[in-house]
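The block underneath contains the structure these notes are about, expressed in structure tokens.
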Ligand SMILES: *[C@@H]1O[C@H](CO)[C@@H](O)[C@H](O)[C@H]1NC(C)=O
Ligand SMILES: *[C@@H]1O[C@H](CO)[C@@H](O)[C@H](O)[C@H]1NC(C)=O
Ligand SMILES: *[C@@H]1O[C@H](CO)[C@@H](O)[C@H](O)[C@H]1NC(C)=O
Ligand SMILES: *[C@@H]1O[C@H](CO)[C@@H](O)[C@H](O)[C@H]1NC(C)=O
Ligand SMILES: *[C@@H]1O[C@H](CO)[C@@H](O)[C@H](O)[C@H]1NC(C)=O
Ligand SMILES: *[C@@H]1O[C@H](CO)[C@@H](O)[C@H](O)[C@H]1NC(C)=O
Ligand SMILES: *[C@@H]1O[C@H](CO)[C@@H](O)[C@H](O)[C@H]1NC(C)=O
Ligand SMILES: *[C@@H]1O[C@H](CO)[C@@H](O)[C@H](O)[C@H]1NC(C)=O
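Here is the structure:
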């Protein structure tokens, strides 16, 4: 024991003397100093190249974190970046929760154990395609609050949360030998409230200065005491590098989000090519960047109700590690090679900035001078030859005609040996995984219908009440219920509801399902839902119970000043010309959540609280219906469920939530993914799986599974056409 310890200390000591400290391993356990100069973040006064990736702790589970950290380290990261998610830590005002997926200190410890630094982006507004951008829904009810702007209510709430997080992570700060070297206040603030920016700055300068680490503000306005950083697809090509060197010559260049983008429901799966990511990362380090973070490195999954409006349960699946935790090849290996090259040459790269030297290109008849071909040289080792042009051409460098693919970077040593080519991924296998069935349907299901009328408590009011005011987003379901006497009953009755984007509404009359409306925009705002319902079998002048089940399809992540996210019914309801409002004799009842949720029938304890029907085929195609079954993992192909994840194959279902041993896998939806004529957005170049479901497989974290007797529960709101097809598969790494 003691001898081993002694050897380790010696090795650490040697590393520390002869190389710049590039990993947390070189400093762990003892207080160290973090600062910055014009070129880089410095650790104990030594410039340090930070190769980072975003991994959001609640988008995976404690049982996955050590695996993900180990993969990150092996792939060539030395820094992990995460936001802090206010709405999972403070679901109810004043009650802080750091358990389970919210166990931030465990996550920080896992990063430290893997030898990774941490950049903690506290926000507390985080955007992140996360419900409400991380803000607790109950903040809507704070008197006089206006988010992210200079007002007492917001600043007091923000300050209180930020201070409590800083206190909580104190043992993990660099000054205490922990991995946290950088922190972030606010997030992509692009408003025009300078007083608020200054307030953020004064918070950093005054109350947060005892953290003794640099603070950043990203992609927007930055307070003087913080470093402004880039979020983009390519921070060189979009001019950010030039503007930063001009505007902030004393501050280093940090790329907080190299975007992997995200996936909306109803669209085909969008991808960013490996060549484009590789080009942008290489150009960044060429141009003088000293911190680069993939957003995401592992996107993970939006379990429970954490996805933002219209966003799929898998998050940023096409980044370096897939949502299910398997490496995304050839991206994973191609970028790993670059990262190791950059790390190996960090000392030379960080000595100084290099200047962009234009190179001639062969225009077909002569060598032509332009601005899109250039080299950044870092003698005595690395030369980054870059071609920004949209075509492949020859570039003259050191009297050699170098063939450059469109938008690519080639890295050479002094002898013009090619060390890496952003455009060349040949030789990296991309079909590195295969899917094997491990539990084949039909499972031994039982079914239970969610009651339409229940004795759960209700709130009554003459007019419908906005959903979040009642639910605080603790459930995505709210029943609106009212007695009506229909004036007319037609086969084509138009029902109109003033509702919100990313919201579904299911309509019932006396317990009979009549139809639904849904909008799954990745957006917010009000709209009028218009549906035609067949009421011809009902009688006029007779009283019925009219019900609307409102289902939130996510709170939008864009939150700004004087802008509140709302859900459910936000105005009037009409049945043809009949306005269902302000009738003291017919009040609206509001029931928060489902009976099945209230009884937690998806848990071991709650399952027996209702009478399940073993004739499960009776539940086929029936709205608001639960299914439950048990399964064993007898046929796993591999034992390690982090490296070889188990997924729910949701084929045969429609829309709803699936639970494994009481854990909510997130929204599943077999909605078809439509391909657009051109790449859907931003950093994305293509779409795949046109007309297939946007997401068919849903990740089950390793720590939610047991070898035997797992409880699977499904709640399908639209009605599952073929629950017998549901099964489990394992994705196995074969390469
Ligand atoms: C967080 O994880 C640590 C280590 O597993 C554990 O000791 C601690 O109790 C957890 N915190 C909470 C609040 O569950
Ligand atoms: C909210 O603003 C109103 C009008 O400015 C003020 O009268 C009231 O005291 C404020 N409420 C709180 C809780 O600050
Ligand atoms: C920030 O710096 C600018 C330029 O030096 C200065 O004009 C401004 O007053 C500073 N703001 C604060 C809040 O110190
Ligand atoms: C750094 O590079 C600049 C030109 O980019 C040069 O003017 C300066 O002398 C260099 N500094 C050192 C210390 O080499
Ligand atoms: C390109 O630039 C070089 C160096 O400035 C110059 O000698 C050469 O004449 C230029 N060539 C053309 C085609 O403009
Ligand atoms: C330079 O290489 C390109 C192909 O990479 C070729 O098309 C071009 O003819 C070459 N030019 C010269 C002068 O050799
Ligand atoms: C790409 O790399 C492979 C080696 O991995 C090499 O054989 C091949 O020539 C390269 N292709 C190009 C176009 O440079
Ligand atoms: C509808 O009317 C019945 C009596 O006719 C009453 O018992 C029930 O509570 C009413 N429902 C609602 C939602 O007001």
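In the working numbering, the protein residues as written are 13 to 747. Even for Gly, the Cβ is constructed at its ideal location relative to N, Cα and C.
- Minimum Cα-Cα distance from residue 481 among the listed residues 698, 152, 226 corresponds to 152.
- Going by C-alpha positions, residue 433 is about 9 Å away from residue 417.
- Distances taken from the Cβ of residue 110 to the heavy atoms of ligand 1 include one shorter than 7 Å.
- In the three-state reduction of the DSSP assignment, residue 71 falls in the helix class, which pools H, G and I.
- The three-state secondary structure of residue 493, taken from DSSP, is strand.
- Distance from the Cα of residue 65 is smallest, within the candidate group 87, 78, 76, for 87.
- For residue 507, the uninterrupted beta strand (DSSP E) run begins and ends at 505 to 512, by DSSP.
- Put simply, the backbone Cα of residue 716 is about 29 Å away from that of residue 442.
- A residue is called buried once 16 or more other Cβ atoms fall within 10 Å of its Cβ, and residue 435 is buried on that count.
- If you check the CB distance, residue 242 and residue 227 do not come in under 8 Å.
- Runs of the alpha helix (DSSP H) lying entirely within the stretch 164 to 207, each at least 4 residues long, are 164 to 180 in chain order.
- The continuous beta strand (DSSP E) containing residue 408 extends over residues 405 to 409.
- For residue 231, the closest C-alpha among the options 200, 620, 404, 205 is that of 200.
- For residue 124, the closest C-alpha among the options 585, 294, 264, 85 is that of 85.
- The Cβ atoms of residue 186 and residue 46 lie closer than 8 Å to each other.
- Contact between the stretch 511 to 518 and the stretch 560 to 573 is present: three or more C-beta pairs spanning the two stretches fall below 8 Å.
- For residue 456, the number of other beta carbons within 10 angstroms of its own is below 16, and it is reported as exposed.
- Around the Cβ of residue 428, a 10 Å sphere holds fewer than 16 other Cβ atoms; the residue is exposed.
- Residue 70 is positioned such that its CB atom lies closer than 8 Å to that of residue 114.
- Following the DSSP letters along the chain, one finds residue 622 in no alpha helix (DSSP H), marked with neither H nor E.
- One alpha carbon belongs to residue 211, the other to residue 161, and they sit about 9 Å apart.
- DSSP places residue 119 inside the alpha helix (DSSP H), whose first and last residues are 116 to 125.
- Close to ligand 3, as judged by a C-beta nearer than 6 Å to any of its heavy atoms, are the residues 210, 213, 236, in chain order.
- In the DSSP annotation of this structure, the continuous segment of the beta strand (DSSP E) that includes residue 658 starts and ends at 658 to 661.
- Listed by position along the chain, the residues with Cβ atoms less than 6 Å from a non-hydrogen atom of ligand 6 are 374, 406, 413, 415.
- Non-local C-beta neighbours of residue 121 in its own chain, meaning closer than 8 Å and more than five positions away in sequence, comprise 184, ordered along the chain.
- Counting C-beta atoms within 10 angstroms of its own C-beta, residue 244 has 16 or more neighbours from the protein chains shown and is therefore classed as buried.
- When the Cα atoms are used, residue 163 and residue 262 turn out to be separated by approximately 32 Å.
- By the criterion of a C-beta distance shorter than 8 Å, residue 555 is surrounded in its chain by 495, 496, 497, once the five residues flanking it on both sides are discounted.
- Short of 8 Å from the beta carbon of residue 355, and not among the five residues preceding or following it, lie these beta carbons of its own chain, in chain order: 34, 61, 63, 88, 90.
- In this structure, residue 685 sits near residue 701, with a CB-CB distance shorter than 8 Å.
- In the DSSP assignment, residue 711 is bridged to 659.
- One thing to note: residue 286 has its Cβ no nearer than 8 Å to the Cβ of residue 351.
- Per DSSP, residue 739 is one residue of the beta strand (DSSP E) stretching across 739 to 745.
- Annotated as distal: residue 604 and residue 461, with beta-carbon spacing of 8 Å or more.
- In the DSSP assignment, residue 610 falls outside any beta strand (DSSP E) and lies within the alpha helix (DSSP H) extending over 607 to 610.
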